[in-house]
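>
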Amino acid sequence: GQPVPRVRFRNNIFVSAGDIIRGDPAAIAPARFEGNCYWSLDSAGFAPGHRTFDAWVAATGQEKIADAIVGIYANPLFALPGTVESLKPDQLPRLSAYRLRQGSPCFAAGLPVQDNGGRDFWGNNLPKGKKPAIGACQKP
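Our numbering puts the sequence shown at residues -12 to 127.
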């Protein structure tokens, strides 16, 4: 694959079976991963050459800002993971399977993003002056 310079993956939730981060490590290296949540469905691995989140962070410097780890490896607690809902575009705010449940480690764990639009996927206000949630859901 081609390198992805100047791409920043911030405040996303990555859930996968097998390696969570996939692809050519040389192509991935120029991108920055910051403030994301990762969860493996089968604990098979984390990224090419790195069995765990901690090993990947230590070897690559990803998910670190000024030596502080800003990403998390945790179950995000989706409402109904694995559920696929098919809706028309005007019905997207009704999607519920990937809302976060109460107690999710993603709440108030993200990094501020400038010019973020002010609302989450469901229209909830994003916090001002506080950490947002990781992912598209600000409240259960």
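Each residue gets a CB set at the ideal place from its N, CA and C atoms; glycine is no exception.
Note that the coordinates shown come from a computational prediction; the quantities given were computed from them, not determined experimentally.
Short of 8 Å in beta carbon distance, which residues of its chain neighbour D6, apart from the five on each side in sequence? Order them along the chain.
Against the sequence shown, residue 6 aligns to sequence position 19. A31, G32, F33, A34 and P35.
> Please report the Cβ distance between Y25 and Y60, rounded to the nearest whole angstrom; I am assuming they are in contact, meaning their Cβ atoms lie under 8 Å.
Mapped onto the sequence shown, residue 25 falls at position 38. Mapped onto the sequence shown, residue 60 falls at position 73. Confirmed, Cβ separation roughly 5 Å.
> Start and end of the alpha helix (DSSP H) containing A15?
Against the sequence shown, residue 15 aligns to sequence position 28. Going by the sequence as given, residue 15 is Ile instead of Ala. From DSSP, the alpha helix (DSSP H) with I15 extends over P12 to I15.
> Pick out whichever of G10, E21 and P76 has its Cα sitting closest to the Cα of D54.
As a position in the sequence shown, residue 54 is number 67, starting the count at 1. Per the Cα distances, E21.
> Buried or exposed for Q125, going by 16 or more other Cβ atoms inside 10 Å?
Within the sequence shown, numbered from 1, the residue matching residue 125 stands at position 138. Buried is the call here.
> How would you write the range of the alpha helix (DSSP H) that W43 sits in, first residue to last?
In the sequence shown, counting from the first residue as 1, residue 43 sits at position 56. Note, W43: alpha helix (DSSP H), F40 to T47.
> Quick one: give me the first and last residue of the beta strand (DSSP E) that I0 is part of.
One-based indexing of the sequence shown puts residue 0 at position 13. Start and end: I0 to S3.
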